[in-house]
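In what follows, a structure is listed as structure tokens, so that the remarks can point back to it.
Number of protein chains: 2
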Amino acid sequence: MFKPVTLKEVAAKAGVSYQTVSKVINNKAKVSPETEQRIWDAVAELNYTPNYSGRSLRQQRSKTIGYTWEPSPQDQANPILDEFLQSMFHAAEGKGYYLLSFPFHTEEKKLLDTYRELYYTGRVDGFVLSRLNYGEASVPYLLQRNIPFVAFGRLEEDDHSFPYMDVDGARGIAQAVEHLIELGHRKIAALAWPDDSRVGNNRLEGYFSGLTKAGLATDPRLVVRGEGTAEVGSEATGHLLSLPEEIRPTAIVSMNDLMAIGAMQAVRNAGLQPGRDIGVTGFDDTPTARYLTPPLTSINQPVSAIGKNLMKRLIELLETGSYPEPKCELVAPSLVVRESTAGYRPAS
Amino acid sequence: MFKPVTLKEVAAKAGVSYQTVSKVINNKAKVSPETEQRIWDAVAELNYTPNYSGRSLRQQRSKTIGYTWEPSPQDQANPILDEFLQSMFHAAEGKGYYLLSFPFHTEEKKLLDTYRELYYTGRVDGFVLSRLNYGEASVPYLLQRNIPFVAFGRLEEDDHSFPYMDVDGARGIAQAVEHLIELGHRKIAALAWPDDSRVGNNRLEGYFSGLTKAGLATDPRLVVRGEGTAEVGSEATGHLLSLPEEIRPTAIVSMNDLMAIGAMQAVRNAGLQPGRDIGVTGFDDTPTARYLTPPLTSINQPVSAIGKNLMKRLIELLETGSYPEPKCELVAPSLVVRESTAGYRPAS
DNA sequence: ATCCTTAAGGCGAACGTTCGCTTAGAGAGG
DNA sequence: CCTCTCTAAGCGAACGTTCGCCTTAAGGAT
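So the sequence lines, in the order shown, correspond to chains L and S.
Mapping of the first sequence onto this note's numbering: residues 202 to 549, in sequence order.
Mapping of the second sequence onto this note's numbering: residues 202 to 549, in sequence order.
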């Protein structure tokens with residue numbers, strides 16, 4: 202391919218041993234100023250670039266972080282992927298680290314094998330995980346082998362066995378609930394996920410706590426569970442709107458934007474106007490949210506901050522051997538109010 | 202970190218020289234079946250994993266491909282990123298290649314420097330570029346240094362100086378135009394991009410050719426240019442709808458979905474119904490498209506096929522030294538018809 | 001004069017591979 | 001019985017670094 206310039210050539214040009222050149226380059230040198238200058242000149246003149254393989258072979262570290270993620274279905278762009286990736290490798294760059302991405306395998310064994318191979322071949326020094334769910338096999342697998350990693354998301358509410366950062370989903374939904382109550386809503390329904398979703402359960406918790414905190418009763422009939430798709434959101438909302446007047450909700454809190462989109466469709470189908478007649482909120486603040494009719498009130502996650510921080514901490518773990526405190530951290534999302542919760546006019 | 206298992210340990214266990222183990226592992230061996238079995242047993246027992254740095258140092262290749270991309274603004278998710286990345290590293294995996302992603306620098310010198318560093322340190326063997334535009338400095342930079350790369354997108358219509366795959370944007374827009382003509386539209390407008398966009402110009406060309414082919418006259422007053430945002434789409438459409446009756450368009454072809462979203466808003470603001478009164482089409486088939494009211498007719502790019510193919514070809518280039526024919530390839534996008542072009546009732 | 005310290009830089013070794021040449025031994029052919 | 005060929009495996013070298021110890025010379029203190 203290309204003729205690599207090596208330490209030896211630089212050394213020859215500068216009239217020193219090649220090990221001395223190495224020392225100068227790595228700032229570990231005891232050298233006279235003149236020699237140092239000669240060496241730097243030679244480096245510049247030959248356009249010397251230290252060879253990565255040689256370096257990592259010697260140092261036994263790859264300065265590379267592995268990351269994989271579950272691909273999104275076609276109708277549902279991953280709203281945070283771009284931002285998350287960008288924030289991570291920007292944080293990594295300054296320290297000389299890069300991000301290696303690799304295929305996500307749904308088959309568990311294959312996925313774990315990929316982790317194993319990447320780590321034990323020395324291609325990566327550690328991993329970033331994301332979107333964890335109950336029973337995620339990767340976590341114990343990596344922990345058991347002492348493979349360094351950090352996660353965006355957690356497994357159990359109070360599990361501090363591995364370093365992570367996560368969005369306080371309960372807090373976010375609670376904010377949405379408070380916002381609706383402030384607008385005058387009293388009967389608020391929730392579109393929730395199946396109860397095998399950790400993230401879903403956490404968010405739903407915020408729904409209950411938000412209501413309770415405001416002194417409102419919770420009603421199991423107002424909580425509908427299903428896959429987080431527009432279709433499910435629409436059907437569930439149709440059902441909610443058909444409830445008898447005295448319990449029929451005037452607002453709907455969804456655990457993600459997609460369900461909220463379905464909800465708004467169902468509201469319109471029922472001849473009602475989202476926002477004015479029925480308040481609707483989402484979660485994720487997908488780019489789509491602002492282009493819906495009406496624009497959707499949603500909850501935005503501080504993705505960049507999380508990516509940057511996770512990377513910074515992982516690198517610190519790799520370089521110092523210990524993870525900085527706090528090992529686990531929750532960050533608050535922020536409510537973005539749009540017209541889907543504006544202009545509510547209580548019927549009574 | 203971890204105690205790596207080396208060839209020598211395997212060799213000791215199998216009672217052969219370590220070079221022989223290497224040969225067996227790489228299938229370059231002339232060894233007796235029994236010895237081979239002994240070696241494989243030892244490999245399995247010790248859980249041997251060949252060291253990546255050692256290998257790539259010796260072979261002078263990293264089996265890694267670099268990729269960077271311009272981050273999307275927050276309100277505008279990159280509709281193809283996930284699919285493109287996934288398709289690339291799935292195609293790469295089988296051949297033992299992985300994808301290294303790194304920060305995109307808007308500052309040209311810094312970007313080129315990153316390319317240079319990654320290549321000359323031997324961290325990557327080549328690159329994938331995407332979203333090229335006129336005067337893209339990376340292309341000549343890489344060509345001049347003989348750094349291997351492939352591109353998603355081209356620079357000039359008939360430039361075959363580097364290998365690429367691209368979507369035939371003109372063809373896609375022409376399809377949209379044909380579709381509208383078939384529905385009975387005769388006055389069709391275009392929301393185009395500024396003329397410094399190669400992609401935009403290419404797509405716009407399809408608008409003209411589509412009209413011409415159907416024997417319809419083109420009218421410069423029906424072509425509005427601007428940044429590809431919803432705001433611009435909306436304003437431009439407002440302007441188009443205020444044109445005198447005899448030239449006022451009944452359909453609007455946009456160069457991307459975002460402008461089409463704006464267009465539909467403007468149509469509704471004018472008291473008209475997108476689809477029935479004014480046909481609207483987009484480009485990109487973003488996930489948003491199907492959740493708009495009404496769902497947006499758009500043009501879908503075969504992203505996965507492109508990613509897979511590009512990667513396959515780049516690897517072939519790297520391993521054989523020559524790029525497979527055809528060096529440059531255009532692929533046709535497909536029109537996805539939805540309600541924004543359904544139910545048109547000519548006023549006359 | 002002798003000893004010690006310090007600055008400046010040399011040098012051998014090792015990180016884990018793969019490549020290509022060499023060699024030992026067995027069997028075949030004359 | 002000698003030579004040739006072939007097979008199975010060994011062996012030295014090299015890929016480009018970094019690490020830690022060693023050497024040398026100069027200078028200062030005693």
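Note that the Cβ used here is the ideal one computed from N, Cα and C, for glycine as well.
These numbers were taken from a predicted model, which means no experiment stands behind them.
Close beta carbons around residue i, own chain, < 7 angstroms, minus the five adjacent residues each side
i	result
residue 411 (chain S)	374, 375, 378 and 379
residue 514 (chain L)	351, 364, 524 and 525
residue 477 (chain L)	544, 545 and 546
residue 434 (chain S)	392, 455, 459, 460, 461, 462, 463 and 464
residue 397 (chain L)	335
residue 385 (chain L)	545 and 547
residue 408 (chain L)	374, 378, 391 and 454
residue 362 (chain L)	344
residue 450 (chain L)	388, 389, 390, 423 and 441
Close Cβ partners of residue i (< 6 angstroms) along its chain, the five nearest in sequence each way excluded
i	result
residue 468 (chain L)	475 and 479
residue 537 (chain S)	486, 499 and 501
Cβ separation of residue i and residue j, assumed to be a contact under 8 angstroms, to the nearest whole Å
i	j	result
residue 322 (chain S)	residue 253 (chain L)	4 angstroms
residue 370 (chain S)	residue 349 (chain S)	Not a contact, Cβ separation roughly 26 angstroms.
residue 505 (chain S)	residue 288 (chain S)	4 angstroms
residue 149 (chain S)	residue 266 (chain S)	Not covered by the structure: residue 149 (chain S). The range shown for chain S is 202 to 549.
residue 488 (chain L)	residue 278 (chain S)	4 angstroms
residue 530 (chain L)	residue 304 (chain S)	Not confirmed; about 24 angstroms, so no contact.
residue 221 (chain L)	residue 212 (chain L)	7 angstroms
residue 404 (chain L)	residue 334 (chain L)	Not really, about 13 angstroms apart at Cβ, beyond 8 angstroms.
residue 503 (chain S)	residue 539 (chain S)	About 19 angstroms; that fails the 8 angstroms criterion.
residue 249 (chain S)	residue 206 (chain S)	5 angstroms
residue 534 (chain S)	residue 368 (chain S)	5 angstroms
residue 302 (chain L)	residue 290 (chain S)	6 angstroms
residue 417 (chain L)	residue 387 (chain L)	7 angstroms
Beta-bridge pairing of residue i - partner residues as DSSP gives them
i	result
residue 537 (chain S)	S:499
residue 293 (chain L)	DSSP, once it has assigned bridges, lists no residue as partnering residue 293 (chain L).
residue 530 (chain S)	S:366
residue 475 (chain L)	L:479
residue 452 (chain S)	S:389 and S:480
residue 266 (chain S)	S:300 and S:327
residue 426 (chain S)	S:393
residue 352 (chain L)	L:330 and L:365
Cutoff 8 angstroms: residue i Cβ touching any chain S Cβ
i	result
residue 451 (chain L)	no
residue 344 (chain L)	no
residue 462 (chain L)	yes
residue 273 (chain L)	yes
residue 251 (chain L)	yes
Residue-level contact to chain L via CB, residue i, 8 angstroms cutoff
i	result
residue 277 (chain S)	yes
residue 255 (chain S)	yes
residue 470 (chain S)	no
residue 312 (chain S)	no
residue 258 (chain S)	yes
Cβ-based neighbour list, residue i, same chain, cut-off 8 angstroms, excluding 5 preceding and 5 following
i	result
residue 436 (chain S)	427, 463 and 467
residue 216 (chain S)	239
residue 263 (chain S)	257, 323, 324, 325 and 326
residue 355 (chain S)	333, 365, 367, 399 and 529
* Asked: For the stretch 221-246 of chain S, which residues have a CB atom closer than 9 angstroms to at least one CB atom of chain L, in sequence order?
  -> Per Cβ criterion, the list is empty.
* Contact list for the stretch 429-458 of chain L against chain S, Cβ threshold 7 angstroms -> Residues 431.
* **Residues in the stretch 280-304 of chain L having any Cβ partner in chain S nearer than 7 angstroms** => Within the stretch 280-304 of chain L, the residues whose Cβ lies closer than 7 angstroms to some Cβ of chain S are 280, 282, 283, 286, 287, 290, 291, 294, 299, 300, 301, 302, 303 and 304, listed in chain order.
* Check each residue of the stretch 474-504 of chain L: if its Cβ is closer than 8 angstroms to any Cβ of chain S, include it; give the result in chain order. => Hits within the stretch, in order: 487, 488, 489, 491, 492, 493 and 494.
* Using a Cβ cut-off of 7 angstroms, which residues of the stretch 316-327 of chain L contact any Cβ in chain S, in chain order? -> Answer in chain order: 318, 321, 322, 323 and 324.
* **Within 7 angstroms of chain S by C-beta, residues of the stretch 402-431 of chain L in sequence order** => Of all residues in the stretch 402-431 of chain L, 431 have a Cβ within less than 7 angstroms of some Cβ in chain S.
* To do: With 9 angstroms as the C-beta to C-beta threshold (strictly closer), list the residues of the stretch 202-216 of chain S near chain L in chain order.
  => Flagged, chain order: 202, 203, 205 and 206.
* Asked: What are the residues of the stretch 508-530 of chain L that lie near chain S, defined by any Cβ-Cβ distance shorter than 7 angstroms?
  -> Of all residues in the stretch 508-530 of chain L, none has a Cβ within less than 7 angstroms of some Cβ in chain S.
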